[in-house]
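Asks: Residue numbers (the UniProt record's numbering): 1 to 123.
Just so you know, even glycine gets a beta-carbon here, dropped at the ideal spot from N, CA and C.
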Amino acid sequence: MLVLVLIKATEASEAGKMPSQEARDAMERFNEKLLDAGIRRMAAGLKPSAEGKRLVSDGHAVSIVDGPFLEREHLVSGFWLWEVHNTAEAMAWAAQCPNPMEGAYEIELRPLYGASDLGEGAG
1 MLVLVLIKAT EASEAGKMPS QEARDAMERF NEKLLDAGIR RMAAGLKPSA EGKRLVSDGH
61 AVSIVDGPFL EREHLVSGFW LWEVHNTAEA MAWAAQCPNP MEGAYEIELR PLYGASDLGE
121 GAG
């Protein structure tokens with residue numbers, strides 16, 4: 001199963017502060033473990049929401065909203081795409097993740113839909 005692993009934004013990541021060298025080194029080692037285990041399919045860090053844009057639609061009209069976006073608890077500062085056997089395996093790997101920034105952090109796991117989720121003839 002594919003799982004999108006979201007690193008939630010922090011005050012520091014939204015300010016554009018880069019992690020310490022120690023944190024970057026720890027994350028590099030963790031990424032190597034993911035690659036060696038054949039789990040990591042993709043990974044990237046995201047620039048602060050101040051550099052982002054949102055397309056917003058009411059179902060008819062479309063507008064563009066420039067960042068920064070104020071609801072930091074809903075923002076993402078980085079992600080992985082992992083291929084794992086099940087959610088428990090993904091959680092076990094996520095629990096090994098080093099702290100990406102100084103202070104508290106949050107990681108969200110979101111399974112992707114697969115062909116079997118979409119019904120017969122999907123794919």
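1) Bridge partners of residue 79, per DSSP?
2) Whose C-beta lies closer than 6 Å to the C-beta of residue 77 among residues of the same chain, with five residues either side of it excluded?
3) Flag this pair as yes or no: are the beta carbons of residue 93 and residue 43 separated by less than 8 Å?
4) Return the residue from the list 98, 59 and 38 that minimises the CA-CA distance to residue 1.
5) Can you tell me which of 96, 106 and 101 puts its alpha carbon nearest to the alpha carbon of residue 19?
6) Per DSSP, what kind of secondary structure is residue 22 in: helix, strand or coil?
7) Take residue 25 as the anchor and find which of 70, 83, 88 and 99 has the nearest alpha-carbon.
8) To which residues of the same chain is residue 97 closer than 7 Å at the C-beta, ignoring the five residues directly before and after it?
9) So the candidates are 35, 69 and 59; which of them puts its Cα closest to the Cα of residue 50?
10) Compute the Euclidean distance between the alpha carbons of residue 90 and residue 113, then round it to the nearest angstrom.
Replies: In terms of the structure at hand:
1) 6 and 44
2) 7, 9, 13 and 46
3) No.
4) 38
5) 101
6) helix
7) 99
8) 30 and 107
9) 69
10) 15 Å
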